[in-house]
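Undergrad: So that we are looking at the same thing, I have put the structure below in structure tokens.
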Amino acid sequence: NRKEDEEAGGEVNSDMVMVYIIYDRAIDEEVDDVLAGSEINYYTKWKDVVGFGRHDPHLGDHVWPGLNNVAMAVIDDEKKEKLLDGVRALQENFPSVGLRAFAVPVIDMC
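Structure (structure tokens):
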């Protein structure tokens, strides 16, 4: 835990954040480009995720055929700003496509 890390002289990454990008899979390549342009080389991606948002559901069935993808990266604050700027640009370029990013603090890692 954080206290044990501090007592042992280990570093605590208090400036790290976890960014989730949840988006319509139709813009998967564009999101990949934003990640690369933000110099984020390490991330996890979930493909073909179902979800309910402000607009039509994405359930991957014959009634609601759309699906989402989710990209998640643990990064520092500097990269977070660059990444979120890239997501905002995508939101402007694709205003009718579902796309959200959430940044949450990383409290602890092991």
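Start counting the sequence shown at 7; every next residue gets the next number (the working numbering). Ideal placement from N, C-alpha and C gives every residue a C-beta, glycine not left out.
What are the start and end residues of the beta strand (DSSP E) that includes A109?
TA: 105–111
Undergrad: Considering Cα atoms alone, identify which of I33, V25, M24 is closest to L73.
TA: The shortest C-alpha separation from L73 is found at I33.
Undergrad: Just verifying my parser: in three-state terms, what is the DSSP assignment at V37?
TA: helix
Undergrad: With DSSP as the reference, label K9 as helix, strand or coil.
TA: Here K9 scores only 49 on pLDDT, less than 50, and its place in the model is too uncertain to base an answer on.
Undergrad: Could you check the C-alpha separation between E87 and V80 for me, to the nearest Å?
TA: 13 Å
Undergrad: Candidates H68, M24, Y48, V76: which alpha carbon is nearest L105's?
TA: V76
Undergrad: Under 9 Å between the Cβ atoms of A107 and I46?
TA: no
Undergrad: Pull up the distance between the alpha-carbon of V112 and that of E36, whole angstroms please.
TA: 26 Å
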